[in-house]
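Okay, so here's the structure we're looking at.
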Amino acid sequence: MRRPWPTTCAATEALPAQLSASGRVLLAKRLGKDKTLLNDFASLFVRLAIDGSKTVRAEATPHLAGIAEAQRLELLGQLLKDGDTTQRTQAAELLARLPGDAARALLAAAAETETSKAVQ
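Pasting the structure below:
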């Protein structure tokens, strides 16, 4: 059963910036435990997986597999293309860990246009 709330609600998308690292870890734990919530809030969750805090990333990353593959690749690819340097670096690292040709294709395409050595 789908939840009645919109997944792109501005308040939801702004939530991680309003939380401490401990709060973001708790959010990742809560969303990661529930596959429906994980997929409903996939955009927010992927941002937790590339968070600036190593602790937040460590909590969120194992749950990424619960997000539908096409959606996970799309969200990581978008961050790889449009994120800041840190976000692009983290997205590239996560994509490199994923099996399959689709992740490799995203990385290859990004490598052609990427100017930051840290991301390459």
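Here the sequence shown stands for residues 159 to 278, numbered as in the numbering used here.
No residue lacks a Cβ here, since even glycine has one placed at the ideal position from N, Cα and C.
If we ignore side chains and look at the alpha-carbon of each, how far apart do residue i and residue j end up?
i	j	result
residue 171	residue 270	30 Å
residue 196	residue 211	20 Å
residue 175	residue 192	22 Å
residue 260	residue 275	23 Å
residue 180	residue 214	8 Å
residue 178	residue 209	12 Å
residue 272	residue 169	31 Å
residue 194	residue 235	22 Å
residue 222	residue 267	22 Å
residue 228	residue 237	14 Å
residue 187	residue 173	15 Å
residue 254	residue 239	15 Å
With a threshold of 7 Å on Cβ separation, who are the neighbours of residue i within its own chain once the five nearest residues in sequence on each side are excluded?
i	result
residue 277	243, 246, 247, 250
residue 233	200, 201, 204
Output needed for residue i: all residues of its chain with C-beta closer than 8 Å, excluding positions within five of it in sequence on either side, in chain order.
i	result
residue 220	190
At a cut-off of 7 Å, is residue i close to the ligand ATP when judged by its beta-carbon and the heavy atoms of the ligand?
i	result
residue 247	Inclusion of the ligand ATP in the displayed structure is not the case, the ligand content being empty and no account of it being possible.
Just mark residue i as buried or exposed, buried being the case when its beta carbon has 16 or more other beta carbons within 10 Å.
i	result
residue 262	exposed
residue 218	buried
residue 230	buried
Leaving out five residues before and five after residue i in sequence, what residues of the same chain have Cβ atoms less than 6 Å from its Cβ?
i	result
residue 184	none
Consider the Cβ of residue i: report whether some Cβ of chain B lies at a distance smaller than 8 Å.
i	result
residue 252	No chain B is part of this structure, which consists of one protein chain only.
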